[in-house]
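Taking the numbering used here as reference, the numbering of the sequence shown is continuous, increasing by one, and the terminal residue is 428.
Remarks on the structure that follows.
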Amino acid sequence: MDTIQPILYKAHQAIPSISLATDQLKQEVLHRLAALIMQNIPLIITENEKDLDRMPDTDPKKDRLLLNETRIKALADSLNDIAALPDPTGKLMLESTTKEGLHIQKKTVPLGVVGVIYESRPNVTIDVAALCIRSGNVCVLRGGSDALHTNIVLVSIIHSVLRDAGLDPAIVQLLPTDRKFITEMLTAVKYIDIIIPRGSQQLIEFVRQNSLVPTIETGAGVCHTYVEQTADLDKAAAIVVNAKVSRPSVCNALDTIVVDRAVVKQLLTLAAPGLLAYDVEIFADEESYSVLKELKYPYLQNAAPEDFGREFLDYKCSVKTVNGYDEAVAHISQYSSKHSEAIITQNTELGERFINEIDAAAVYINASTRFTDGAEFGLGAEIGISTQKLHARGPFALEKLVTEKWYVRGDGQVR
Numbered sequence: 014m015d016t017i018q019p020i021l022y023k024a025h026q027a028i029p030s031i032s033l034a035t036d037q038l039k040q041e042v043l044h045r046l047a048a049l050i051m052q053n054i055p056l057i058i059t060e061n062e063k064d065l066d067r068m069p070d071t072d073p074k075k076d077r078l079l080l081n082e083t084r085i086k087a088l089a090d091s092l093n094d095i096a097a098l099p100d101p102t103g104k105l106m107l108e109s110t111t112k113e114g115l116h117i118q119k120k121t122v123p124l125g126v127v128g129v130i131y132e133s134r135p136n137v138t139i140d141v142a143a144l145c146i147r148s149g150n151v152c153v154l155r156g157g158s159d160a161l162h163t164n165i166v167l168v169s170i171i172h173s174v175l176r177d178a179g180l181d182p183a184i185v186q187l188l189p190t191d192r193k194f195i196t197e198m199l200t201a202v203k204y205i206d207i208i209i210p211r212g213s214q215q216l217i218e219f220v221r222q223n224s225l226v227p228t229i230e231t232g233a234g235v236c237h238t239y240v241e242q243t244a245d246l247d248k249a250a251a252i253v254v255n256a257k258v259s260r261p262s263v264c265n266a267l268d269t270i271v272v273d274r275a276v277v278k279q280l281l282t283l284a285a286p287g288l289l290a291y292d293v294e295i296f297a298d299e300e301s302y303s304v305l306k307e308l309k310y311p312y313l314q315n316a317a318p319e320d321f322g323r324e325f326l327d328y329k330c331s332v333k334t335v336n337g338y339d340e341a342v343a344h345i346s347q348y349s350s351k352h353s354e355a356i357i358t359q360n361t362e363l364g365e366r367f368i369n370e371i372d373a374a375a376v377y378i379n380a381s382t383r384f385t386d387g388a389e390f391g392l393g394a395e396i397g398i399s400t401q402k403l404h405a406r407g408p409f410a411l412e413k414l415v416t417e418k419w420y421v422r423g424d425g426q427v428r
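Dropping the structure here:
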């Protein structure tokens, strides 16, 4: 294949098929898709294993690539959840009549063609397709080569459901994984309305620098948990361990523990066993290194400057010891990717200061950053977590897959 122009053209031509579909039909499509995915669990697992077999066990992306029966059932459940959400299109946002007699309305409408570039995670294929179908959008998906077999079977299931519903299967398009087509996608201003990169910081940087199509950045998360000296240290240790080990390959996982000098020894003494149980490698500053060395923590490295502001996506984290709140906020502000940040404290005033002063999409008091997720926030599935400030911030979910359109009705008025 020399060009993806025919695929993009078909996607653009499919806009009326989905944007004019009734709310009931879009719901039925998602329910049918959920049922068909459940019927095809063995096939999906077989194709997913082909992809897994090509990836080394040591690659932290392998967990993101894996689709087992539990995860596939969760995907089907999310489809039914998305179907139950209200249609975000057609909402009347403003209505007025001018002195000339023009009747003006502003309503929400689909974005059009949504292009998504992502890596490793085949669940994104289902999430994005479902969210776009529910919101009346077309999607063009460029998954990574490491999930090729899984993505192909998932899209084939989606296409069969769309055809059975009398809709254009081009509503969901899967692009070839050859890298040469990425630039063509990023410059397809005639066919694609928005590009959403979901993945590594390198991917996001490349899209930002090369796209002529408007972009919304999602994915990269350098997340800190600051343990302030008044914290309940048992709770703090549990939160730190959960934020790091519950699923380290995702963007809302903890990367750096920031801890007040007054409680560094107590906190690490409590947290070390939980981290050790998962063989977490710790890159510690001088003071925390001494504490962990005394505790005989085996997976210990001296932190280098580049270990702060680093998204590990693995069983690894760094530790920064600080002299109180102001130094903690300064450190987080310097290294944050503006994704998710947390403070563990019993000082209500400092907690409120932190949640208002820290510039991030989601800020927590006394809870794990692992909650930053569209489903956890009651939004259904998400395309990703937006770390920018225009159009969408935080979970980029169904509610944000729309734009605005002005409807003006007159009776011969001229200006």
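For every residue, glycine included, the Cβ atom is placed at its ideal position computed from N, Cα and C.
Taking all protein chains shown into account, residue 265 has 16 or more neighbouring C-beta atoms within 10 Å of its C-beta and is therefore buried.
Excluding the 5 residues flanking it on each side, residue 174 has same chain C-beta neighbours closer than 7 Å at 42, 45, 46, 49, in chain order. The C-beta separation of residue 104 from residue 121 comes to about 5 Å, placing the pair in contact by the 8 Å criterion.
Going by beta carbons, residue 354 and residue 106 fall outside the 8 Å limit. For the 8 Å CB-CB criterion, residue 183 and residue 74 do not form a contact. For residue 331, the secondary structure class from DSSP, reduced to helix, strand or coil, is strand. Bounds of any beta strand (DSSP E) do not take in residue 192, whose DSSP letter is neither H nor E. Residue 310 carries a coil assignment under DSSP once its states are collapsed to helix, strand and coil. Inter-residue distance for residue 112 and residue 413 is about 33 Å (C-alpha atoms, whole angstroms). Relative to the Cα of residue 199, the nearest Cα in the group 220, 339, 408 belongs to 220.
Between residue 65 and residue 274, the alpha-carbon positions lie close to 43 Å from each other. Straight-line measurement puts the Cα of residue 392 at about 23 Å from the Cα of residue 132. Distance from the CA of residue 257 to the CA of residue 270, rounded to the nearest whole angstrom, comes to 10 Å. Residue 294 and residue 212 have their C-alpha atoms spaced approximately 23 Å apart. With a cutoff of 8 Å on beta-carbon distance, residue 255 and residue 406 are scored as not near each other. A Cβ-Cβ distance of about 6 Å is found for the pair residue 415 and residue 102, placing them in contact under the 8 Å criterion. Residue 17 carries a coil assignment under DSSP once its states are collapsed to helix, strand and coil. Of the candidates 370, 327, 268, 316, 370 places its Cα closest to the Cα of residue 342. Assigned with DSSP and collapsed to three states, residue 291 falls in coil, not helix or strand.
Under the 10 Å beta carbon count, residue 377 is surrounded by 16 or more other beta carbons and is classified as buried. For residue 215, the uninterrupted alpha helix (DSSP H) segment begins and ends at 214 to 223. As computed with DSSP, residue 186 is found in a beta bridge with 153. Within the same chain, and ignoring the five residues on either side of residue 259 in sequence, the residues whose Cβ sits closer than 7 Å to its Cβ are 383.
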